[in-house]
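See structure below.
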Amino acid sequence: PAPAPAAPAPEPEPLAPIPTEHLPIQVLDMLQSRCVQAANHPQTRRKLDDVHNKLQILYNKLRKEVLSAETLQGLHHIIQFIRQYDYQSCLQVISGLIAGGSFAELADFMPGIKVLLQVAQQTGVYIEQQ
Numbered sequence: 011p012a013p014a015p016a017a018p019a020p021e022p023e024p025l026a027p028i029p030t031e032h033l034p035i036q037v038l039d040m041l042q043s044r045c046v047q048a049a050n051h052p053q054t055r056r057k058l059d060d061v062h063n064k065l066q067i068l069y070n071k072l073r074k075e076v077l078s079a080e081t082l083q084g085l086h087h088i089i090q091f092i093r094q095y096d097y098q099s100c101l102q103v104i105s106g107l108i109a110g111g112s113f114a115e116l117a118d119f120m121p122g123i124k125v126l127l128q129v130a131q132q133t134g135v136y137i138e139q140q
């Protein structure tokens, strides 16, 4: 007898939307894609591919609303500083969050944001005010 046809794979569940108040955090995607365009070294591009994966982890945590108020506030401060072309202050916010003891919560995505900011600073990539 012929083997039974395999059941179709279940449709993946659609992702929940990121809460509206956290949508500005997605400017990190724009920064990452501009850095990819500006990066001319393969190693930098590989780093930015990893950054993309880390940002997806962050966005999933935002969708699930599992981040602490302190982390969310820090992320919004980082976005404000990105828009002010002040990457040094972004890095200080990250250091403050890590020193504040929320490292376990940040470990999945914050190293990627830090790499993104460092690459943006090195390549002179900025996001215009909108």
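For this note's numbering, add 10 to where a residue sits in the sequence shown, where the first one is 1. We put the beta carbon where it would ideally sit given N, CA and C, even for glycine.
If I measure Cβ to Cβ from residue i and keep anything under 7 Å in the same chain, skipping five residues before and after, which residues do I get?
i: Cys45; result: Leu58, Leu126, Val129, Ala130, Thr133 and Val135
i: His2; result: Residue 2 falls outside the range modelled here, since the chain spans only 11 to 140, and no answer is possible.
i: Tyr95; result: Tyr136
i: Ser99; result: Phe91
Spatial neighbours of residue i within its chain, please: CB distance less than 8 Å, with the 5 preceding and 5 following residues excluded, ordered by chain position.
i: Ser78; result: Ser112 and Glu115
i: Arg55; result: Val46 and Ala49
i: Pro27; result: Arg73
i: Gly110; result: Glu80
i: Phe37; result: Residue identity differs from the one stated: residue 37 is Val in this sequence, not Phe. So the qualifying residues of the chain are Ile89, Ile92, Arg93 and Ile137.
Three-state secondary structure (DSSP) at residue i?
i: Pro29; result: coil
i: His51; result: coil
i: Gln94; result: coil
i: Gly111; result: coil
i: Ala117; result: coil
i: Val37; result: helix
i: Ser78; result: coil
i: Tyr69; result: helix
i: Ser135; result: Per the sequence shown, residue 135 should be read as Val rather than Ser. Val135 falls in the coil class under three-state DSSP.
Compute the minimum distance between the beta carbon of residue i and the heavy atoms of the ligand NAD, and state whether it is under 7 Å.
i: Ser99; result: Of ligands this structure carries none, so the ligand NAD is not represented either.
Quick one: residues in its chain with C-beta nearer than 6 Å to the C-beta of residue i, no 5 flanking neighbours on either side, listed in chain order?
i: Pro34; result: Ile89
i: Gly122; result: Val61 and Lys64
i: Phe119; result: Lys64, Ile67 and Leu68
i: His32; result: Leu72
So residue i and residue j are in contact, right, with Cβ under 8 Å, and what is the actual spacing, rounded?
i: Ile104; j: Leu41; result: Ile104 to Leu41, Cβ: 14 Å. No contact.
i: Pro24; j: Glu75; result: That pair is no contact at about 17 Å.
i: Leu107; j: Thr81; result: 6 Å
Does the structure place the stretch 49-65 close enough to the stretch 89-107 that three or more beta carbon pairs sit under 8 Å?
no
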